[in-house]
Structures are given as C-alpha cells and as structure tokens.
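Notes to accompany the following structure.
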Amino acid sequence: MRIFSKMSALLRCCVFLCLCGSGLGEMDTCSEVHKVFQLRQIGPNQVLPSSPRSGADLQVCMSKSSTCCTKKMEEKYQVAARRDVQNLLQTYSSRLKLLLSRYVAAFQETFEVLMRQAENHTNVVLQVSYQKIADPAAGSVRELFTDVGLFLLGSELNVDEFVQRFFDALFPLVYNHYISPGVGDTSPGYTECVRSLNRVIKPFGTVPDLFADQIATSGVSGKLLLQALHLGIEVINTTDHLQPSRECRRALLKMQYCPHCQGITHSKPCMGYCLNVMRGCLASMAEIDAHWREFVRSLEGLSTRMHGAQDLEQVLLGAHTMLHDAIGHAQKNGPRLSAQVQKLCSTSIRRPAQSVSIQDSRVSIPLKALNRRSDDSLSVMRKDFLKTLRTFSTFYGGLADQMCLQGLSSGDGVPCWNGTNIVKSYTRRVVGNGVRAQSTNPEVKVKGEDPVINQIIDKLKHINQLLQGKTIPKLGSLDQIETGSGDSEGHYSGDCDDEDGCAGSGGGEINRKVSKISPDVTSDYKHHHYHHPPAKDSAIDGKSHSLRLTGAIWVLVLPCLHMILDL
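Residue 0 is where the sequence shown starts when you use numbering that gives the first Met the number 0, and the numbers rise one by one after that.
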C-alpha cells in the first residue's frame, strides 16, 4: 500500500509538471493553441498570432509573460465560452424539457380521445334506448363534445351556455317523440318555441346544471394541468437562453480559455473555482429553486384532487348516464310538461298525446364497458409523469454544481486551473447558491437579481396559487388573470357579474355565477350557486286561470314572450 501511495503521488506530480511544461515549453510556436482554436472552430485563422507576443492589449487574459492570444482571439474566446456553457445548460435541461413536452402532447391527445369516446358512447346510448331521436340528436351531441374539447384546450367558452344549448336542442326531440308524440304543429316556429322553454320549465330537472358543474370543475383542473406544463416549458426555455451579464462573460472566458493564451490547452478549472464562477453566473436561476420545488408539489396536490367530480375522465365517460337521467326525468314529468308546452306554444289544439310508457321507450340493454387500456387512463398518466418529474424537483437548486461535475471542472486530486496558474488545489472560499450568497464571491461580481428571472418567478408563484386552489380563475380565462391582486376567492362565471346589473331574471337565458371549488381542497371557501329554481307545479297550477286566454290575446302575448326569452 505504501508503494502504491508513493506511486500515486509521483504520478500526480508528473501530471502537474507536464501541464505546466505544456504551457511553457511550446510558447515559442503556439502550435498547440492554433490546433485547438481551429479544431473547436472558435474563429478564423487570421486572428491567430504566428508566435508568442506581448499581451498588453488583452482585457481579461492578462499575463506577465508572453501570450499566444490577440485581442480578437480574446473576443472570440469569450463568445465560445458563453456558447459552451449555454450548450451544456441546454443539454442538462433537455431531459426535463422533453418530459414536459411529451406529456403535454400525451395529455392533449388523451383529452381528444376521451371526447371521441364520450361522443360515441353517448350516441350508442341514444341508439339503444331512444332510437327515434338518435339520428336527429347526433349533430347536437357532436357539437357538445366539440365545445368541451375546445374548452379543455384553452378556448374561452362558457360551460353553462354550451351545455344548456345542447339541452335546448334536445328538448323538442324528446317532447315530440316521447312526451307528446301525437300529430300536431311541427312548424319551425313551434319547434323554436318548445326549444326556448327548456330553460323556463326545466324539463330535465337539475341534470343540465349538474352536468355543467361537473364539466367546469373537472375541466378547469385539466386546463390547469396543461397550463402548468406549458409554463414549465416556458421556464426552461427562458433559463436555457438567458443572456449572461458582462461580469459573467468575463469570468467564463477567464475560467475556460485564458489558460490557452499561456499554452495550457488540456487543463480544466479546479472544482472550487468552477463552483464560484457558475454559482455567480447562475445566481438568479438559483432563486427559482424554491418556487420550482413548490411547483412540483402543487402539481402533485392537483393530481391528488382530480377524482370524483374533478376526475375529467370519469365525468366525460359518464355523460351518457347524465343523458339517460335527463330524458328519464322528462318522461316521468310528461303530463306536466305537455300541459305547459301546450299553454305556452300551441296556437291550435294539438291532438291528445298517446300514452308512451317509459318502459316502451327506454329499453334497458346492457352496454359493454369501454375497452380502454389501463395505462391510457389520465390517472395512470399523471402518476407516471409526476413520478419522473419528482426527480427534477431540485433541478434549479443544483444546476451550477451539476454543470461543474458534468464536464466543466477537473476531478479531485488532479492539477487544475485556478484562474491564474495550474495548481494542486483551489484555496479561495467557495460561496453558496443564490444572489445573496454572491456578495463574497471572489470570482464573479453579481449586481442583483435578473428582471427576466423575476418575471418567471412571478408566473410560478401565480400558477402555484392556482394549482393549490388559493386563486380560482374564471372559466376559459386561466391565462388572463392578474397576479397578486384581486379577489382571493375568484369565481367561475360568464361574461356578467351581479355588480354589472345584468344578473339573470325572469324566464330568460340564465347567466350563472358559480364558484366551483372542490370541497376537499377549499374548505375555507363557500360554494355560491346563483341558479334560478325550476318552476313548481303548484305555482303553475295556481296561475292556470290566467293562462285560459282567448286566441287573440295569445297572438299578442306570444311575441312578447319570445322577446323576453331572447334577452
């Protein structure tokens, strides 16, 4: 062992002498410097000196002895040093960026597949149980799920509106075929009147409101997941292309290429020296660390909450059940609905409807479950994604250290460059990460935080609040909410708030302002549902005497009713 130890020490000594000798013995020709300069394609040969010269005009790579560098070479070296570090940074971050990009595409594709499956399954249910309206309703079903897909992918659509629009179109079909199928008025005007009554007499009960709430709640979670991943990619793109400060560029030049000017082309910076330079250059990026860690934790929290009413997959693939319940509710209340429609829409007495039993029109035929591979489900994809993302939670905290370890610096016990000479070890103090720690950095002067990084941190803070449910966005406008201000208990709503004086009233189209927040996440927040309750039978029966009007009066009243409904 003693012999081995002595041989190891002797070997390190020889390496040290060789490195020093390579810088001193070949200074008469600078041939090795020329070779490396050309091999790395740092610049044109015209800037190379034919022999060692005085370095009085150099600004960074200054030396007491002669040098193989010119001022033009120094400028080219500085560009090369910046390029080398940026390439290394992009290489190091490429796996994280690929992870985020791949799962953004995978989630979007899964959303689209879910839309098609939900649409197809809904059409199958209509064909099996309500065959008479299956074909006429196919267009409305397609429009419904197209709107859901657009909403998930970022379009500013009002969920309440497009769900109600679907049930508006469905009501005349259900009414004419399963509630009052007798021969009568089938004119476009009559059909439009029946359609317009959907939001007044509530033939489908609370199903449309419940379905809209579920789509909004689960959809916002899905949109938020995609938005968060897009922001993650934006963070990486920003840090990958961040422009270093003047002090950083000079420090990188001194660390990587100034030894070339002395003919030392095969040495690497000492580890401590590399850490000081890189921690100084990446000081602002290190400030992202705490917010990036919280970003990963917040995504995990969102994924945990995406079950039940917030499980987009469950909501969409259960849409056919909602439709079944809606039509069933209308059939059970057929006599009441028929009386109301005849009073409000019929200009002539329609023939008495033949009795249509629910059993006759709603055949119970078992449907096969969707054949979906378990590894295609959203929940499995989220778990796989977060498991991998978790390994990158400390990405920005250890960025400088990893770059030094992965090629920039020399190994332990190997003679290295300390910014001035080849030495056995670096003896200056090594500072920590972050802007504040750089006040005592002996290699790089850091003036303060980078404004570009501060903008990215603000975006991360905001998305973390959204992911944690602390700030709830309006439907369809996730990316337009101001950061750090406004109501901490935001609301999902349409384009109109109560303060604007346009709250829904009467029998017209209802604008609902709903705060759809998961109760298991936001126990401190209240659910505010501004729903207009469906008209009760007793209220309608109590006013039946006022509806027994002559045909002439109805001719005057009906256009007014349509005007009110269109408001």
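Glycine included, C-beta positions come from ideal geometry on N, C-alpha and C.
Scanning its chain for C-beta atoms nearer than 7 Å, with the 5 sequence neighbours on each side dropped, one finds around Leu377 the residues Thr109, Leu311, Glu312, in chain order. In this structure, Ser139 places its C-beta atom within 7 Å of the C-beta atom of Ala168. Boundaries of the alpha helix (DSSP H) harbouring Pro450: 450-466, taken from the DSSP string.
Straight across, the Cα-Cα distance linking Leu113 with Ser100 is about 20 Å. With contacts defined by Cβ atoms closer than 7 Å, Val443 and Ala250 form a contacting pair. Excluding the 5 residues flanking it on each side, Pro441 has same chain C-beta neighbours closer than 7 Å at Asn275, Arg427, Arg428, in chain order. Within 10 angstroms of the beta-carbon of Pro334 lie fewer than 16 other beta-carbons, which makes it exposed. For the 7 Å CB-CB criterion, Leu336 and Pro207 do not form a contact. Taking a cut-off of 8 Å on C-beta distances, the region 411-424 does not touch the region 432-439, as fewer than three cross pairs fall below it. With fewer than 16 other Cβ atoms inside 10 Å of its own Cβ, Arg115 counts as exposed. Sorting Leu156, Ala282, Arg278 by C-alpha distance to the C-alpha of Gly447 places Ala282 at the top. Separation of the CB atoms of Ser392 and Val295 is rounded to 4 Å, and the pair is thereby assigned contact status at 8 Å. If you look at Cys247, you'll find it in the alpha helix (DSSP H) that goes 245-255. With 16 or more other Cβ atoms from the protein chains shown falling within 10 Å of its own Cβ, Asp159 counts as buried.
Taking each of Ala136, Arg304, Asp383 in turn and checking the Cα distance to Tyr174, the smallest one comes out for Ala136. Straight through space, the alpha carbons of Leu98 and Met380 are spaced by roughly 12 Å. Taken in chain order, the unbroken stretches of alpha helix (DSSP H) that lie wholly in the region 118-202 and span 4 residues or more are 130-151, 158-173, 187-195, 197-200. According to the DSSP secondary-structure assignment, Thr66 is paired through a beta bridge with Arg52. For Gln313, the enclosing alpha helix (DSSP H) begins and ends at 311-316. Contact between His229 and Val413 is ruled out by a C-beta separation of about 43 Å, above the 8 Å threshold. The beta carbon of Ser62 is closer than 8 Å to those of Gly54, Cys260, Gln261 in its chain, skipping five residues each way along the sequence. Contact check between the region 75-92 and the region 237-257: three or more CB pairs, one atom from each, fall below 8 Å, which counts as touching. Non-local C-beta neighbours of Gln255 in its own chain, meaning closer than 6 Å and more than five positions away in sequence, comprise Ala80, ordered along the chain. Bounds of any alpha helix (DSSP H) do not take in Ala436, whose DSSP letter is neither H nor E. Remark: C-beta atoms of Leu252 and Tyr76 approach each other more closely than 7 Å.
When the beta-carbon positions are compared, Val32 and Lys71 stay at least 7 Å from each other.
Taking a 10 Å sphere around the C-beta of Gln163, we find 16 or more other C-beta atoms and assign the residue as buried.
Using a Cβ-Cβ distance cut-off of 8 Å, the region 147-157 and the region 215-231 are in contact, since at least three pairs of beta carbons, one from each stretch, lie closer than that value. Residue Cys192 holds the alpha-carbon nearest to the alpha-carbon of Gln339 among Lys267, Gln242, Cys192, Ser408.
A Cβ-Cβ contact shorter than 7 Å links Cys269 with Asn417. For Asp383, the enclosing alpha helix (DSSP H) covers residues 377-388. Annotation: the continuous alpha helix (DSSP H) that includes Thr237 extends over 206-239. The closest CA to that of Lys331, considering only Val451, Gly204, Ser408, is found on Gly204. Beta-bridge analysis with DSSP links Trp416 to Pro268, Ile421. For the options Leu388, Asn236, Ala318, Gln40, the alpha carbon positioned closest to that of Val78 is the one of Gln40. For the options Thr264, Cys273, Leu172, Lys469, the alpha carbon positioned closest to that of Ser30 is the one of Thr264.
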